[in-house]
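Down below is the structure, laid out as structure tokens.
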Amino acid sequence: MSKIAFDWVTIPAGEFLRGSDKSKDSSASDSETPQRRIYLSEYQIARVPVTNAQYKAFIDATDHRKPEHWEGGEIPRGKTDHPVVYVTWHDAMAFCTWAGVRLPTEAEWEKAARGADGRIYPWGNQPPDAKRCNFGGNVGDTTPVGSYPAGASPYGVLDMAGNVWEWVNDWYQSNYYSVSPGSNPQGPDMGISRVLRGGSWIGNVNVVRSTYRSYYLPGDWFDFIGFRCVRSP
Numbered sequence: 003m004s005k006i007a008f009d010w011v012t013i014p015a016g017e018f019l020r021g022s023d024k025s026k027d028s029s030a031s032d033s034e035t036p037q038r039r040i041y042l043s044e045y046q047i048a049r050v051p052v053t054n055a056q057y058k059a060f061i062d063a064t065d066h067r068k069p070e071h072w073e074g075g076e077i078p079r080g081k082t083d084h085p086v087v088y089v090t091w092h093d094a095m096a097f098c099t100w101a102g103v104r105l106p107t108e109a110e111w112e113k114a115a116r117g118a119d120g121r122i123y124p125w126g127n128q129p130p131d132a133k134r135c136n137f138g139g140n141v142g143d144t145t146p147v148g149s150y151p152a153g154a155s156p157y158g159v160l161d162m163a164g165n166v167w168e169w170v171n172d173w174y175q176s177n178y179y180s181v182s183p184g185s186n187p188q189g190p191d192m193g194i195s196r197v198l199r200g201g202s203w204i205g206n207v208n209v210v211r212s213t214y215r216s217y218y219l220p221g222d223w224f225d226f227i228g229f230r231c232v233r234s235p
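For my numbering, count along the sequence shown from 1 and bump the result up by 2.
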């Protein structure tokens, strides 16, 4: 049982369209191809990213490293319900281990973000705007989680475009979609960088697409990187 309360969204078992079709999305990169149907078992994903308040509970219980911008070890004023940032992949993993949850696989993240029909953004194929997500510096900072209900995914998952990049479990491999299994892919066995998904508050229109794949070293931390959690039934 988790030590933290999450608002879980159940993602049903079944296939979804992973990746991009360049004939339908001119912004797609080679790393997003080929587009193919992937089967995933049922799982649950947190509706929103991990917040500063949730992360502080973890720090208070474990004395884990605090985010660099927490002066005096405290959450920045007015940001209790903002997504935690300045967290490495290792920090995210430590939180998940403590909380009794895990990071999503890259495939789990993408299905939760776009559903099964191959849409470009969580809400459909229409370009993002200030009502759907926090992107492009239009706010200039993170926003409280769940602030953009108009940008919800088909399953009702929020903040899957913009606000913060989200660590997933997988190592990054540019051609992984060409070699991955078609059922419950777990990512490459090894690598140098870990995958991030979703774009951020400073990301442009391209990177908030549900198929865009980014990557950083697992020890990197920035003011635009956070994470969310999943659990298996």
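For each residue, glycine too, the CB sits at the ideal point set by N, CA and C.
Apply the 10 Å Cβ neighbour rule to residue i and answer buried if 16 or more other Cβ atoms are within range, or exposed otherwise.
i	result
Gln37	buried
Pro85	buried
Glu70	exposed
Asp172	buried
Ala109	buried
Gly120	buried
Glu76	exposed
Lys113	buried
Pro235	exposed
Ser176	exposed
Pro129	exposed
Ala132	exposed
Leu160	buried
Leu198	buried
Let me make sure I understand the geometry here. Which of the options has the alpha-carbon closest to that of residue i?
i	options	result
Trp111	Ile6, Phe226, Gly189 and Ile194	Gly189
Tyr179	Ser33, Ser29, Phe8 and Glu17	Ser33
Gly153	Trp173, Ala115 and Ser182	Ala115
Gly201	Pro187, Ile227, Asn177 and Tyr174	Ile227
Val50	Ser195, Gly148 and Val232	Gly148
Ala63	Ile122, Thr99, Tyr45 and Tyr41	Thr99
Asp27	Asn127, Ile6 and Gly75	Asn127
Ala118	Met192, Asn54 and Ser22	Ser22
Trp203	Ala55, Ser43, Glu168 and Val11	Glu168
Thr12	Ser25, Lys5, Thr35 and Ala48	Ala48
Arg215	Cys231, Phe60, Tyr174 and Ser182	Tyr174
Thr144	Asn54, Ile6 and Tyr41	Asn54
Ile122	Ser155, Ala132 and Gly205	Ser155
Ile6	Ala132, Val170 and Ala101	Ala101
Asn136	Gly205, Arg230, Ser25 and Ala94	Gly205
Write down the C-beta distance between residue i and residue j rounded to the nearest angstrom, noting that I regard them as a contact closer than 8 Å.
i	j	result
Pro106	Ser212	Incorrect: roughly 13 Å between the Cβ atoms, too far for contact.
Arg134	Tyr157	With a Cβ gap of about 16 Å, Arg134 and Tyr157 do not count as contacting.
Trp223	Tyr88	5 Å
Ser195	Tyr217	4 Å
Ignore the nearest five residues each way along the sequence and tell me which others in residue i's own chain have a CB closer than 7 Å to its CB.
i	result
Ser29	Asn208 and Arg211
Pro146	Asp83 and His84
Gly221	Thr90 and His92
Pro14	Glu44
Ala96	His66
Phe229	Pro51, Val52, Val89, Ala94, Leu105, Glu168 and Trp169
Skipping 5 residues on each side, what residues in its chain have a beta carbon closer than 8 Å to that of residue i?
i	result
Arg39	Glu17, Phe18, Leu19, Arg20 and Gly184
Asp9	Ala48, Arg49 and Val50
Between residue i and the rest of its own chain, which residues show a CB-CB distance below 6 Å, the 5 nearest in sequence each way excluded?
i	result
Arg233	Gln46 and Val103
Pro187	Ala109
Pro78	none
Tyr41	Glu17 and Ser185
Lys24	Ala30
| If you pair each beta-carbon of the segment 159 to 171 with each one of the segment 127 to 141, do three or more pairs fall below 8 Å? | yes
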